[in-house]
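Sequential numbering from 1 applies to the sequence shown in UniProt numbering. Have a look at the structure below, then the notes.
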Amino acid sequence: MSAPIPLDDPALDQALAIVTADYNGPRPTISGVDPFGDLFPFTDAERAHLGAMRDLIEQYVARQDDPRRPLSLAVFGPPGSGKSFAVEQILNKLKLTAKPITVNLTQASDASALSGVLAQAQAHADAAMPAPSRWSWFKGKKSGSFARRAVPVIFFDEFDAPRDGAPYGWLAWFLAPMQDGQFLHNGNIITLRRAVYIFAGGTAPTMRQFSEFDRLPEFQRAKGPDFISRLRGFLDLCGPNEEPRMLRRAVLFRAELSRAIGGNPGSFRPDPDLMKSLLRAGRYRHGARSIAALVDLSDTRKNRRFEWQDLPEDHLLGLHIDRGPLDAKLIGGSIAFSGYDETAEVQNMWRTVARWLWNEGATLSYAGRWASGPGGWLMKFLGEELRRRPAEPRAHRRGKPDPWLENFLDDIKQERDSVDAEVPIADRDRLGLKVTFAPHLTDKERERAASEPWLCSALEHFRRRLAVTDASVARFVVAGARSGHKGRFPGIAEEVMLTLAQRKPIYVAGAFGGAAADVGSLLGLAHPRRGEVPLSFQAEPWEAEGSLSTIADELRPGPWTELPITAGEVAVFLKAHALGGPKWPDNALSFEENRLLFASTNSDEVAGLVRAGLLRLFAKADPATPAL
Numbered sequence: 001m002s003a004p005i006p007l008d009d010p011a012l013d014q015a016l017a018i019v020t021a022d023y024n025g026p027r028p029t030i031s032g033v034d035p036f037g038d039l040f041p042f043t044d045a046e047r048a049h050l051g052a053m054r055d056l057i058e059q060y061v062a063r064q065d066d067p068r069r070p071l072s073l074a075v076f077g078p079p080g081s082g083k084s085f086a087v088e089q090i091l092n093k094l095k096l097t098a099k100p101i102t103v104n105l106t107q108a109s110d111a112s113a114l115s116g117v118l119a120q121a122q123a124h125a126d127a128a129m130p131a132p133s134r135w136s137w138f139k140g141k142k143s144g145s146f147a148r149r150a151v152p153v154i155f156f157d158e159f160d161a162p163r164d165g166a167p168y169g170w171l172a173w174f175l176a177p178m179q180d181g182q183f184l185h186n187g188n189i190i191t192l193r194r195a196v197y198i199f200a201g202g203t204a205p206t207m208r209q210f211s212e213f214d215r216l217p218e219f220q221r222a223k224g225p226d227f228i229s230r231l232r233g234f235l236d237l238c239g240p241n242e243e244p245r246m247l248r249r250a251v252l253f254r255a256e257l258s259r260a261i262g263g264n265p266g267s268f269r270p271d272p273d274l275m276k277s278l279l280r281a282g283r284y285r286h287g288a289r290s291i292a293a294l295v296d297l298s299d300t301r302k303n304r305r306f307e308w309q310d311l312p313e314d315h316l317l318g319l320h321i322d323r324g325p326l327d328a329k330l331i332g333g334s335i336a337f338s339g340y341d342e343t344a345e346v347q348n349m350w351r352t353v354a355r356w357l358w359n360e361g362a363t364l365s366y367a368g369r370w371a372s373g374p375g376g377w378l379m380k381f382l383g384e385e386l387r388r389r390p391a392e393p394r395a396h397r398r399g400k401p402d403p404w405l406e407n408f409l410d411d412i413k414q415e416r417d418s419v420d421a422e423v424p425i426a427d428r429d430r431l432g433l434k435v436t437f438a439p440h441l442t443d444k445e446r447e448r449a450a451s452e453p454w455l456c457s458a459l460e461h462f463r464r465r466l467a468v469t470d471a472s473v474a475r476f477v478v479a480g481a482r483s484g485h486k487g488r489f490p491g492i493a494e495e496v497m498l499t500l501a502q503r504k505p506i507y508v509a510g511a512f513g514g515a516a517a518d519v520g521s522l523l524g525l526a527h528p529r530r531g532e533v534p535l536s537f538q539a540e541p542w543e544a545e546g547s548l549s550t551i552a553d554e555l556r557p558g559p560w561t562e563l564p565i566t567a568g569e570v571a572v573f574l575k576a577h578a579l580g581g582p583k584w585p586d587n588a589l590s591f592e593e594n595r596l597l598f599a600s601t602n603s604d605e606v607a608g609l610v611r612a613g614l615l616r617l618f619a620k621a622d623p624a625t626p627a628l
């Protein structure tokens, strides 16, 4: 799970200070982060992995005996995470004067080309006699075979590439060199046991995910599990789209801008507002390579500044920056929100979940009001969060950006006046706020329900909630009113019912109480499971089934002609769609994770689980999205 996102913006301020500091001075330091050469490990895991791989190589090179086999290590990370750069920094730490031999498996024509590289490395190692001043290849006595041979380091890039059309086709070839230090070249068996093999992968961002391929038949046929068993260490790297992503990006932008302006920076200083936008951008599609490309495409020399007008055209920016893997255009819709509560804990929850999902490119949708009625504070609250976000990086900032937040209201004058008073249309476009008005009741429908006014309210709420469900691909649920809902049953229950009817996934945080807790208990998310129906699903006397029958057809639009109508029917419907049953829609969280989500009061934990589920769920829609 990713690190928590700060609720305020100290991370943005720190990142901005790194990238805008005087370019004539030394590289800025980062509080709490010790550089590893020119690399900045931002997490304990990264720091531990780097140190462990350095130690493994150092201990292997220092051995005073002939090893039985080469030391085989692997490096993983998303595209543009700097795998080759990290290896370079590790070897620099060891002060190995000879550069590693690099082989890109996507360019290897056949096995003889690969064996030729190893044969050449073996010949150079045998011929090399380290001088006293160049004992960097070994640490030992001056006698024995180990003192007569250097230790070649061979870097195999894209080692998991296909070979002759077969997935992971090179893995089987490496088994003998890795295990026995022997391989066949031009009909001769060549022995190379004293060597360091470093494999950089391209099909999985982490070692764990690469290991999970062992369930795939094609991976098994390629001897993937045997390959993994021969590895003695690994390094997982994070790219500029992983938290703390603004700091990672600041370091990369600083390096690329320094390179672009050359050795005489003069008074060069990037525009702070532009850098805020670039640091908070949704996703750099190709990691660090996209940041380098963006700087290459920008005009940084013209006026010794880096400003909005210096950015490349938007179609070029789009090659390297997008909103992220949960972009509504990519996954087919928004992420719907359900529930409200004005307590500080729930406010913190809304803020945290919204930021996590916005950072992945999601558009959020909600059926709540602005100023009138319960829950009116939430849209204003999220609107204020949008005001805090920098503009998206675009060379031409005119035009209407895609929405970050969509609000569904009834198409009546009161609702239109309410939202216009809170957020003028010009501000909506600038903030990325879209307001959609659901169809209001016809005169005929109002006349049919005129005998009992609450029926009009029930039907209006249903229409608005159905509009949100139609426009969304998943729903997050927290808190919500148990009573005073002026409808058939709690609004959250109706929204969840509609989402489940459309076979769309839901994520329920129940520890904050309210209707979300009641809905979750019926869905089997509580532990232990209980069968009783909560009080909030017991209809009021004035909500008799006979009254609802007058609008039953309107509450069952096609193709959902068997939707439950009464509170009791909804309770039965939810039980039938409970976790673990055949009607539960897969939300890409495990049974245990769904239970944890329902029980957690930690906003970062809840947000992290919702984010993980959505990213896993929609990874297939976006090949650039790593599975979590």
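All residues carry an ideal CB built from backbone N, CA and C; glycine is no exception.
Expected contact under 8 Å - CB spacing of residue i and residue j to nearest Å
| i | j | result |
| --- | --- | --- |
| Gly432 | His461 | Actually they do not touch by this definition, with Cβ atoms about 26 Å apart. |
| Arg193 | Arg68 | 6 Å |
| residue 629 | Leu378 | Residue 629 lies beyond the residue range present for the chain, which begins at 1 and ends at 628; the question has no answer from this structure. |
| His315 | Tyr284 | Not confirmed; about 17 Å, so no contact. |
| Arg475 | Ala336 | 4 Å |
| Gly514 | Gly287 | Their Cβ separation, rounded to whole angstroms, is 41 Å, which puts Gly514 and Gly287 out of contact at 8 Å. |
| Leu596 | Tyr507 | So it is not a contact: roughly 11 Å between Cβ atoms. |
| Leu56 | Leu71 | 7 Å |
| Ile154 | Leu73 | With a Cβ gap of about 11 Å, Ile154 and Leu73 do not count as contacting. |
| Ala467 | Ser334 | Not quite, the Cβ-Cβ distance comes to about 11 Å (not below 8 Å), so this is no contact. |
Cβ shell of residue i (< 6 Å), same chain only, five flanking positions each side left out
| i | result |
| --- | --- |
| Trp560 | Ala501 |
| Gly524 | Ala578, Leu579 |
| Val103 | Val117, Phe156 |
| Ala15 | Met246, Leu247, Ala250, Leu279 |
| Phe618 | Ile331 |
| Asp518 | Pro534, Ser536 |
Status (buried if at least 16 other CB within 10 Å, exposed otherwise) for residue i
| i | result |
| --- | --- |
| Ile189 | exposed |
| Gly480 | buried |
| Ser590 | exposed |
| Gln122 | buried |
| Glu46 | buried |
| Val572 | exposed |
| Glu532 | exposed |
| Gly484 | exposed |
| Met129 | For Met129, the predicted model reports a pLDDT of 48, less than 50, meaning its position is unreliable and no value from the coordinates is stated. |
| Thr206 | buried |
| Ala293 | buried |
| Lys83 | buried |
| Arg594 | Checking the displayed sequence, the identity of residue 594 turns out to be Asn instead of Arg. So Asn594 ends up on the buried side. |
| Ile90 | buried |
CA-to-CA distance, residue j to residue i, given in whole angstroms
| i | j | result |
| --- | --- | --- |
| Pro564 | Val33 | 56 Å |
| Lys504 | Asp44 | 37 Å |
| Leu615 | Asn587 | 10 Å |
| Ser600 | Leu216 | 34 Å |
| residue 642 | Pro403 | Because the chain is modelled from 1 through 628, residue 642 falls outside the range shown and cannot be assessed. |
| Glu158 | Glu212 | 18 Å |
| Pro585 | Gln64 | 59 Å |
| Arg388 | Ala21 | 23 Å |
| Glu562 | Gly510 | 28 Å |
| residue 629 | Leu105 | Nothing about residue 629 can be read from this structure; the chain reaches only from 1 to 628. |
| Arg482 | Gly383 | 26 Å |
| Leu42 | Leu184 | At residue 42 the sequence reads Phe, which differs from the Leu that was named. Those two C-alpha atoms are separated by around 43 Å. |
| Ala567 | Ser603 | 30 Å |
| Arg416 | Val75 | 55 Å |
| Asp110 | Pro162 | 12 Å |
Residues near residue i by beta carbon distance below 7 Å, same chain, minus five either side
| i | result |
| --- | --- |
| Val570 | Phe489, Ala493, Met497, Phe537, Pro564 |
| Ala576 | Lys583 |
| Val435 | Asn407, Leu409, Val419, Arg428 |
Under 9 Å between C-beta atoms of residue i and residue j
| i | j | result |
| --- | --- | --- |
| residue 631 | Thr203 | Only positions 1 to 628 of the chain appear in this structure, which leaves residue 631 out of reach. |
| residue 630 | Ala328 | Outside the shown range of the chain (1 to 628) lies residue 630, about which nothing can therefore be said. |
| Val151 | Ala125 | yes |
| Gly233 | Met349 | no |
| Val19 | Pro424 | no |
Close beta carbons around residue i, own chain, < 8 Å, minus the five adjacent residues each side
| i | result |
| --- | --- |
| Gly581 | Gly524 |
| Ser258 | Tyr23, Pro265 |
| Leu175 | Lys223, Asp226, Phe227, Arg230 |
| Asp411 | Phe437, Ala438, Pro439, His440 |
C-beta neighbour in chain C for residue i, strict 9 Å
| i | result |
| --- | --- |
| Ala288 | Among the chains of the structure shown, chain C does not appear; only one protein chain is present. |
beta-carbon residue i near the ligand ADP non-hydrogen atom, thresh 8 Å
| i | result |
| --- | --- |
| Arg249 | Absence of the ligand ADP is noted for the structure shown, with no ligands found whatsoever. |
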